[in-house]
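Trainee: Sequential numbering from 2 applies to the sequence shown in this note's numbering.
Every residue, glycine too, gets a C-beta built ideally from N, C-alpha and C.
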Amino acid sequence: MRNALIALAALLATSSALADTLVTNANGIQVDATGKLERFTGILIGDDGKVKRLLHGEMVKLRDTDVVDAKGKTVMPGLIDAHGHVMALGFTALQLDLTGTRSLAELQQRLKDYATANPNARWILGRGWNQELWADKRFPTAADIDAVVRDRPVWLGRVDGHAAISNSAAMQAAGFSLNTQAPSGGRIENGLFVDAAMSLIESKIPAPTAAEQDAALAAAQRLMLSNGLTAVADMGTAADEWAAMNRAGQAGTLKARILSYAGGIPGMRAINGGKPSGWLYGDRLHLGGVKIYADGALGSRGAWLKAPYHDKPDTRGLQFLSDAQILEQADAAAASGYQPAIHAIGDAANAQVISTYEQLAKKYPGDRRFRIEHFQIADPADIPRLKPAGIIASMQPTHQTSDRLMAEARLGPDRLKGAYAWQTVEKLGIPIAFGSDFPVESPNPFPGLAAAVSRQDLNGQPPGGWRPEERVSFEQALAGFTRGAAFAGFAEGKIGSLDPGKWADFIIVDRDVSKADPQSLGRTQVLETWVAGKKVWERK
2 MRNALIALAA
12 LLATSSALAD
22 TLVTNANGIQ
32 VDATGKLERF
42 TGILIGDDGK
52 VKRLLHGEMV
62 KLRDTDVVDA
72 KGKTVMPGLI
82 DAHGHVMALG
92 FTALQLDLTG
102 TRSLAELQQR
112 LKDYATANPN
122 ARWILGRGWN
132 QELWADKRFP
142 TAADIDAVVR
152 DRPVWLGRVD
162 GHAAISNSAA
172 MQAAGFSLNT
182 QAPSGGRIEN
192 GLFVDAAMSL
202 IESKIPAPTA
212 AEQDAALAAA
222 QRLMLSNGLT
232 AVADMGTAAD
242 EWAAMNRAGQ
252 AGTLKARILS
262 YAGGIPGMRA
272 INGGKPSGWL
282 YGDRLHLGGV
292 KIYADGALGS
302 RGAWLKAPYH
312 DKPDTRGLQF
322 LSDAQILEQA
332 DAAAASGYQP
342 AIHAIGDAAN
352 AQVISTYEQL
362 AKKYPGDRRF
372 RIEHFQIADP
382 ADIPRLKPAG
392 IIASMQPTHQ
402 TSDRLMAEAR
412 LGPDRLKGAY
422 AWQTVEKLGI
432 PIAFGSDFPV
442 ESPNPFPGLA
452 AAVSRQDLNG
462 QPPGGWRPEE
472 RVSFEQALAG
482 FTRGAAFAGF
492 AEGKIGSLDP
502 GKWADFIIVD
512 RDVSKADPQS
522 LGRTQVLETW
532 VAGKKVWERK
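(1) Within the chosen definition, does the segment 27 to 37 reach the segment 473 to 486 through at least 3 CB pairs nearer than 8 angstroms?
(2) Going by the CB atoms, is the gap between K51 and G490 shorter than 8 angstroms?
(3) Check the DSSP bridge columns for E529 and list the partner residues they point to.
(4) From the DSSP output, which residues share a beta bridge with A232?
(5) Check the DSSP bridge columns for Q31 and list the partner residues they point to.
(6) Need the endpoints of the alpha helix (DSSP H) that M407 sits in, please.
(7) Got a sec? Which residues, its chain only, sit under 7 angstroms from R370 by beta carbon, not counting five neighbours each side?
(8) Let me know the secondary structure DSSP gives R153 once reduced to three states.
(9) Alpha carbon to alpha carbon, how far is V68 from S104? Give it in angstroms, no decimals.
(10) In angstroms, rounded to a whole number, what distance separates the CA positions of A533 and G413?
(11) Would DSSP call S16 helix, strand or coil?
(12) Which class does P446 belong to by DSSP, given the choice of helix, strand or coil?
(13) Find out if the Cβ-Cβ distance for the pair S169, A143 is shorter than 8 angstroms.
(14) Give the straight-line distance between the Cα atoms of A171 and R248, rounded to the nearest whole angstrom.
(15) Less than 8 angstroms separating the beta-carbons of T525 and Q457?
(16) What's the gap between the Cα of I508 and the Cα of A71?
(17) So, using beta-carbon positions, are L108 and W124 closer together than 8 angstroms?
(18) How far does the beta strand (DSSP E) with I343 in it extend, from its first residue to its last?
(19) Assuming Y262 contacts V291 under a Cβ cut-off of 8 angstroms, what Cβ separation, rounded to an integer in Å, is found between them?
(20) From this set, I346, A89 and G47, which residue's C-alpha is nearest L63's C-alpha?
(21) Please tell me whether H57 and T75 are closer than 8 angstroms, where the distance is taken between their beta carbons.
(22) So L1 and F447 are supposed to be a Cβ contact under 8 angstroms. How far apart are they, rounded?
(23) Classify P154: buried if its beta carbon has 16 or more other beta carbons within 10 angstroms, exposed otherwise.
(24) Helix, strand or coil: which one does DSSP assign to E493?
(25) From what residue to what residue does the beta strand (DSSP E) around W243 run?
(26) Kindly give me the distance between the Cβ atoms of K418 and P381, rounded to whole angstroms, as I take these residues to be in contact under 8 angstroms.
(27) Could you check how far apart the C-beta atoms of M236 and H84 are, in whole angstroms? I think they sit under 8 angstroms.
(28) On a CA-only basis, which of A136, N273, K53 and D82 is nearest L224? Give me that one, please.
(29) Is DSSP giving W504 helix, strand or coil here?
(30) Suppose contacts are defined by Cβ-Cβ distances below 8 angstroms. Is A345 in contact with I373 by that definition?
(31) Quick check: the Cα distance between K541 and N228, rounded to an integer number of angstroms?
(32) At which residues does the alpha helix (DSSP H) containing L224 begin and terminate?
(33) Determine the burial state of S204: buried for a count of at least 16 other Cβ atoms within 10 Å of its Cβ, exposed for fewer.
(34) Skipping 5 residues on each side, what residues in its chain have a beta carbon closer than 7 angstroms to that of R111?
(35) Report buried or exposed for S437, applying the criterion of at least 16 other Cβ atoms within 10 angstroms of its Cβ.
(36) To the nearest angstrom, how far is the alpha carbon of A165 from that of L193?
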C-alpha cells in the first residue's frame with residue numbers, strides 16, 4: 002500500500018511538472034511585429050516554458066493545465082535592458098552607495114558611517130556620486146576623502162563609472178606618486194582619476210573572491226527581476242564574471258537571461274577560448290559580442306567632442322583610440338564571429354565609430370548588427386549614416402533626464418540638436434534598443450519608458466519636455482525595451498515578445514501602462530516576474 006501511494010505521488014508530481022500553464026483574466030499588452038499595440042486576455046504556455054498561443058477572449062479547454070488568474074492586472078512581456086552592467090549592479094548593492102548625494106558633506110557622512118560599520122573592510126569601495134547634483138559642482142579631491150578616512154584605501158566611483166576619487170592611502174597602496182603620468186585616454190587631478198587613468202588604482206584593488214562574485218550576481222538578479230527585467234545585455238563582461246554566471250547556470254540559480262558582451266579584445270580572448278558561446282542553461286546565458294570604448298562620459302568631460310566644451314574651452318574630451326586602432330579592434334571582434342558594440346558618447350566619437358562600421362560593413366556583408374552604445378551626442382549630419390551601415394543605436398532614455406542641465410552646460414544651446422535624438426533615429430528607420438546603463442542609472446525600466454515618451458523626469462520637469470520633438474510614442478518606447486532590445490542581441494527568435502514559440506517571459510504590473518500618464522508610468526510597480534513559464538519573483 003505504501004509503495005502504491007509513493008508511486009501515485011510520483012505520477013501526480015510528474016503530471017504537474019509537465020502540465021501546460023494558462024494565464025487567464027489578463028489585461029495583456031505587447032507590441033506586435035508591425036509596431037502596433039496588441040492586446041490579449043491570456044497566455045497558454047507549454048510544459049517546455051514556451052508560449053503556445055496568445056488568447057484574445059477565446060476559451061481554452063482545461064486538461065492537465067495549471068491556471069494562473071491574473072485578476073485583471075496588466076500582463077506584458079518581460080522587459081529587456083539593452084545595456085547594463087550586471088556584476089557592477091550587484092557590487093553596488095553590496096558596497097557603499099553614494100547615489101543621490103546632494104553635497105560633498107553628505108558623501109563624507111555616508112563614507113564615515115560605512116567605515117564605522119565595516120571596520121574590517123580591506124578597501125572601502127563605493128560608487129554613485131555625481132558632483133553635478135552639488136551646489137558648487139566641484140569634483141571631490143583626495144584631501145576631501147582623507148578628512149574622513151585615512152587608515153584604509155578608499156576608492157569611490159562617479160555615477161557614470163568613468164571617474165573615481167581616491168584617498169591618499171589608496172594611491173599609496175597602488176604605488177602612485179606625484180610623478181606618475183596619466184596614460185593615453187586618461188586624466189588625473191587632485192586624486193580624481195578619469196577614464197584610462199582609473200586602471201592605475203583599480204589594478205591594485207584585491208580581486209573579489211568567487212563567493213563575493215556569486216553574492217553580487219545574486220543581488221543583481223534580485224534587483225533585475227523585482228524591476229521587471231527578465232533579460233539584459235551585459236556590457237563588458239570580465240572572465241571572472243563569466244565564470245560566476247556559469248556557476249549560477251550550473252547550479253540552477255541563473256533566473257534572468259544574460260546576453261554577454263566581453264570586455265574588450267583582451268576580455269574576448271580570455272573568455273570561452275576566444276570564441277562565442279551558444280545559448281546555455283535553457284537560453285539563460287549567451288556570449289556573442291565584444292564591448293569596445295571610443296571615448297569617456299560627458300559628466301567627467303571625457304566624451305570626445307568635435308568642438309571644445311562650452312564650459313571648458315581648453316578641452317574636447319578624450320579620444321581613446323586612433324582610427325586605425327578602433328578599426329583593428331572592431332575587425333578582430335567581427336573576424337572572430339563576435340558582434341562589436343562600441344561605446345560612443347561625444348559627436349567626434351560617434352563619427353569615428355560610424356566610419357569604422359562603414360568599413361566593416363563592406364568587409365563583412367550580411368546581418369552583422371553593429372552596435373553603438375549610447376549614441377548620446379551626435380552631429381545631425383552623421384545620423385543618416387547609421388542605417389546604410391546596418392548600425393543599431395543602443396540608447397538609454399533616463400540619461401537624457403539625468404543629463405539635460407549638464408548637457409546644456411557642456412555643449413551650449415547651439416549643439417543640442419543631435420543630443421538624445423530618439424525620434425530622429427526612429428524616423429530614419431534605424432533600429433533602436435533601449436536600456437538604462439545600470440548602475441549608472443536605476444535598473445528600473447519604467448522611468449526609462451516614461452522619459453522616452455515625455456522627455457521629462459518623474460517630477461514632470463521640465464514642463465512640456467526637454468526638446469520634446471524627440472519624444473517617442475508609447476509603442477516605440479515599449480518596443481525599444483522588448484523587441485528592439487532582443488533584436489540588438491540576435492535574440493528576437495527567443496525573447497522580446499510573447500509570440501508562439503518564444504519563451505514565456507512576462508511580468509504582471511499594478512497598472513495599465515498603455516493608458517498611464519508619464520509620471521504614473523514611471524512609478525509602475527512589478528507584482529510578479531515569470532521566466533520560461535515559472536514565477537521567479539513576487540512582490541510581498
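Mentor: In this structure, then:
(1) yes
(2) Here residue 490 is taken as the residue at index 489 of the sequence shown, counted from 1. Here residue 51 is taken as the residue at index 50 of the sequence shown, counted from 1. No. Outside cutoff.
(3) Working through the sequence shown from its first residue, we reach residue 529 at position 528. By DSSP's assignment, E529 forms a beta bridge with I509 and E539.
(4) Translated into the one-based positions of the sequence shown, residue 232 becomes position 231. DSSP output for A232 lists I81 and R258 as bridge partner(s).
(5) As a first step, residue 31 must be located in the sequence shown, where it is residue number 30. Beta-bridge pairing links Q31 to E39.
(6) The residue given as residue 407 occupies position 406 in the sequence shown. Start and end: P398 to L412.
(7) The residue labelled residue 370 in the question sits at position 369 within the sequence shown. Cβ within range, chain order: Q340, G391, I393, A489 and F491.
(8) Counted from its first residue, the sequence shown places residue 153 at position 152. Coil at R153, not helix or strand.
(9) By one-based count along the sequence shown, residue 104 stands at place 103. By one-based count along the sequence shown, residue 68 stands at place 67. Rounded to whole angstroms, S104 to V68 spans 52 angstroms at the Cα level.
(10) For this step, residue 533 is matched to residue 532 along the sequence shown. For this step, residue 413 is matched to residue 412 along the sequence shown. If I take the Cα positions, the gap works out to 48 angstroms.
(11) For this step, residue 16 is matched to residue 15 along the sequence shown. Low confidence applies here, because S16 scores a pLDDT of 39, under 50, leaving its location unreliable and the question unanswered by this model.
(12) As a working note, residue 446 is residue 445 in the sequence shown. It is helical.
(13) The residue given as residue 169 occupies position 168 in the sequence shown. The residue given as residue 143 occupies position 142 in the sequence shown. Their beta carbons are under 8 angstroms apart, which means S169 touches A143 by this criterion.
(14) As a first step, residue 171 must be located in the sequence shown, where it is residue number 170. As a first step, residue 248 must be located in the sequence shown, where it is residue number 247. The straight-line gap from Cα to Cα measures roughly 32 angstroms.
(15) Mapped onto the sequence shown, residue 525 falls at position 524. Mapped onto the sequence shown, residue 457 falls at position 456. Cβ distance not < 8 angstroms, so T525 and Q457 don't count as in contact.
(16) Here residue 508 refers to the residue found at position 507 when the sequence shown is read from its first residue. Here residue 71 refers to the residue found at position 70 when the sequence shown is read from its first residue. Rounded to whole angstroms, I508 and A71 show a C-alpha spacing of 10 angstroms.
(17) By 1-based counting over the sequence shown, the position of residue 108 is 107. By 1-based counting over the sequence shown, the position of residue 124 is 123. In this structure, W124 does not lie closer than 8 angstroms to L108 by Cβ.
(18) Translated into positions along the sequence shown, residue 343 becomes position 342. Its beta strand (DSSP E) spans residues Q340 to A345.
(19) What you label residue 262 is simply residue 261 of the sequence shown in a count that begins at 1. What you label residue 291 is simply residue 290 of the sequence shown in a count that begins at 1. About 6 angstroms separates the two Cβ atoms, so the contact holds.
(20) Position 62 of the sequence shown holds residue 63. Residue G47 is the option with its Cα nearest to L63.
(21) Residue numbering aside, residue 57 sits at position 56 when the sequence shown is read from its first letter. Residue numbering aside, residue 75 sits at position 74 when the sequence shown is read from its first letter. For H57 and T75, no; Cβs fall outside 8 angstroms.
(22) There is no way to answer for residue 1, as the model of the chain reaches only from 2 to 541.
(23) Position 153 of the sequence shown holds residue 154. Label assigned to P154: buried.
(24) As a first step, residue 493 is located in the sequence shown; it is residue number 492 there, counting from the start. If DSSP states are grouped into helix, strand and coil, E493 belongs with coil.
(25) Taking the first residue of the sequence shown as position 1, residue 243 is located at position 242. Per DSSP, W243 belongs to no beta strand (DSSP E); it is in the alpha helix (DSSP H), A240 to A252.
(26) Walking along the sequence shown from the start, residue 418 turns up at place 417. Walking along the sequence shown from the start, residue 381 turns up at place 380. That belief holds up - the Cβ atoms of K418 and P381 are roughly 5 angstroms apart, short of 8 angstroms.
(27) Your numbering for residue 236 matches position 235 in the sequence shown. Your numbering for residue 84 matches position 83 in the sequence shown. Right, the Cβ-Cβ distance comes to about 5 angstroms (below 8 angstroms), so this counts as a contact.
(28) Translated into positions along the sequence shown, residue 224 becomes position 223. It is D82 whose Cα lies nearest to the Cα of L224.
(29) If you number the sequence shown from 1, residue 504 lands on position 503. Three-state result, W504: strand.
(30) Here residue 345 is taken as the residue at index 344 of the sequence shown, counted from 1. Here residue 373 is taken as the residue at index 372 of the sequence shown, counted from 1. Going by C-beta atoms, A345 is nearer than 8 angstroms to I373.
(31) Locating residue 541 in the sequence shown gives position 540, where the first residue counts as 1. Locating residue 228 in the sequence shown gives position 227, where the first residue counts as 1. Going by the C-alpha atoms only, they are around 14 angstroms apart.
(32) Taking the first residue of the sequence shown as position 1, residue 224 is located at position 223. Element bounds for L224: A211 to S227.
(33) Within the sequence shown, residue 204 is the residue found at index 203, counting from 1. When all chains shown are included, S204 counts as exposed.
(34) Locating residue 111 in the sequence shown gives position 110, where the first residue counts as 1. The answer, listed in chain order, is L97, L99 and T102.
(35) Translated into the one-based positions of the sequence shown, residue 437 becomes position 436. When all chains shown are included, S437 counts as buried.
(36) On the sequence shown, residue 165 is found 164 positions in, with the first residue counted as 1. On the sequence shown, residue 193 is found 192 positions in, with the first residue counted as 1. Roughly 6 angstroms between the two C-alpha positions.
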